[in-house]
Ligand code: PRX
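Shown next as structure tokens:
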């Protein structure tokens, strides 16, 4: 986009923001009833509400599929690339339409109606997208659970949103290893008596038990239902999906997004950041976002954003280093990928393997590179830009969150100059503000806590089943503002540099993990009395998980028990939650009122034991000496 075109967006917003949003909504989406109102919101406690385009009706799947059939029915909508290089196929928009309609009709045949919740626990295969779009088509609310989560995590999420239907596969295949999805699902479902139907997709062909009456194979029922399913008219504010994400306290929250605002936000941000250059055509690009549909990035920029724009999107069911660290670039070349979007953790891991794995594959077809999920260090940014992108491709560092639906801060290619390590400037319609810990607004170059002062269409609407928690988590710390939980620096050019979470959330390889979740998994072990978990710097993952564990009286620590506890957490939550370091501590540092002083634990885990600061308020300051002596870093 040219700088003047971007300026035009800002000017139109400044002149009439409601008019701007209505115009964009009408132009970019197909409505059944076009809306006549745009934003209607207040972040104040006594009048708290968020609505966008409230009198409009539309259907997301019709926007992502049906409206393209006349012009791009034969164009690939999805290019699937499996775990083994070259194991894949293309799905045209016409085929996507048929598959999604059939999937929708299968869901209907199992009694799924508008507003019902459907849980999806799948590999990165096109059927995962069919299931998501099929839900949207009939107005069911999907909750995708990442395939790397444990049976316990899955059952907790199914129970929280009261799903009665689960979509899963026999097993997944990642880096040559099989992931027993159906076996995990069966274990989870022992605690979910209300799930009456499991739709099973065959992925690996692994032998699995099938429960008569409850489980049905997709390939058995696919042809028994109609190939057409009319899209359900949905009010813009009807719920679209729930996605669980970790917070600083308690169990993961079900972030709820609604239909119209979310779809406009992902459609518009995809176009601004990854759409064709002026005069170009969307079909000339092949877009590859490497995220899994189990995370928000997969929802917004593997499925809805690209498809709503009529683009071709890659679904990749593998890992960056299988069969070798050249996989991304070999596959990009073979498929003809022009836009590539991944996480800093993957870039750092590949950077370590050396440039040859990159340079041996021709990358001249790449034109744009993106990153998401965690702060990118300038060294990794420069390597991505210079080695992968040959200095030719703009690097688009996109800052956003599950809660924000789509990107909020990022350089619009062609219009905003980049700086290595900065997500640069807010997109049109996004109003960031930095505040200090007392809530005082910081102007100009400053560092503080990142808030957003005005609603945008893609904002989450509630925590499923707990609206009060939604308000308390995001709007009570700094009244009248949405608090992101991130720290941030703004430089003298007005560029934003995200410094990481300021709450008790750890960002492990771009994935959010709540310290409270890991702690509760640890204390569930019969030998553990108490646990405290903090983040630690990690060369590849960005942050690693550092756990302090106090055993029950009479239990002896050992390397064997340390490993047992690490595996315990892995089994309880999933591999991404496995502690990187686990220190046995006879006691944790507590204030006289019994509160754990995490500041001290963090400093020790960061390898800065001399900076723990004042310990005089501790009930027993001697505890700190033991912690320092036995530190693992
Ligand atoms: O701390 C920020 C970090 O990831 C958090 C959001 O995590 P999640 O909801 O899982 O969504 C990840 C994908 C959008 C944020 O609060 N984060 C995300 N993108 C960036 C980032 N930190 C720095 N730079 C980014 N580009």
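Numbering (the UniProt record's numbering), first residue to last: 1 to 633. All C-beta atoms, glycine included, are put in the ideal place defined by N, C-alpha and C.
Tell me whether residue i counts as near the ligand PRX, meaning its Cβ is closer than 7 Å to at least one heavy atom of that ligand.
i           : result
residue 292 : no
residue 397 : yes
residue 461 : no
residue 511 : yes
residue 435 : no
residue 372 : yes
residue 296 : yes
residue 537 : no
residue 375 : yes
residue 477 : no
residue 52  : no
residue 501 : yes
residue 486 : yes
residue 498 : yes
residue 400 : yes
residue 507 : yes
residue 423 : yes
residue 37  : no
residue 245 : yes
Going along the chain, which residues of its own chain have a beta-carbon closer than 6 Å to the beta-carbon of residue i, five neighbours each way excluded?
i           : result
residue 389 : 369
residue 135 : 118 and 142
residue 152 : 572
residue 605 : 534, 536 and 546
residue 346 : 320
residue 521 : 569, 572 and 573
residue 325 : 350, 353 and 357
residue 475 : 43
residue 285 : 338 and 339
Counting only the same chain and skipping the five closest in sequence on each side, list residues whose C-beta sits under 7 Å from that of residue i.
i           : result
residue 3   : 415
residue 227 : 98, 101 and 102
residue 431 : 452, 453 and 454
residue 554 : none
residue 163 : 117, 118, 119, 143 and 195
residue 225 : 102, 105, 106 and 109
Please report the residue range of the beta strand (DSSP E) in which residue i lies.
i           : result
residue 635 : No statement about residue 635 is possible, as the shown extent of the chain runs from 1 to 633 and does not include it.
residue 146 : Premise fails: residue 146 is in no beta strand (DSSP E) and is neither H nor E.
residue 433 : 432 to 435
residue 339 : 339 to 342
residue 645 : What is shown of the chain runs 1 to 633, which leaves residue 645 out entirely.
residue 369 : 368 to 372
residue 315 : 313 to 316
residue 200 : 197 to 201
residue 507 : 505 to 508
residue 239 : 239 to 245
residue 177 : 177 to 179
residue 90  : 88 to 92
Mind checking which residues open and close the alpha helix (DSSP H) that includes residue i?
i           : result
residue 136 : 126 to 138
residue 567 : 559 to 572
residue 475 : 467 to 475
residue 217 : Per DSSP, residue 217 belongs to no alpha helix (DSSP H); it is in the beta strand (DSSP E), 215 to 217.
residue 158 : 151 to 161
residue 520 : 515 to 523
residue 22  : 17 to 28
residue 61  : 60 to 64
residue 271 : 259 to 274
residue 624 : 622 to 629
Using the Cβ count rule (16 or more neighbours within 10 Å means buried), how would you classify residue i?
i           : result
residue 552 : exposed
residue 575 : exposed
residue 348 : buried
residue 177 : exposed
residue 459 : buried
residue 165 : buried
residue 83  : buried
residue 113 : exposed
residue 5   : exposed
residue 232 : buried
residue 318 : buried
Can you give me the Cβ contacts of residue i inside the same chain, cut-off strictly under 8 Å, excluding the 5 residues immediately before and after it?
i           : result
residue 65  : 77, 93, 96, 97, 100, 133 and 307
residue 626 : 585, 586 and 587
residue 378 : 420 and 421
residue 531 : 518, 519, 522, 523, 547, 548, 549 and 550
residue 159 : 191 and 192
residue 505 : 246, 247, 248, 485, 512, 513, 514 and 515
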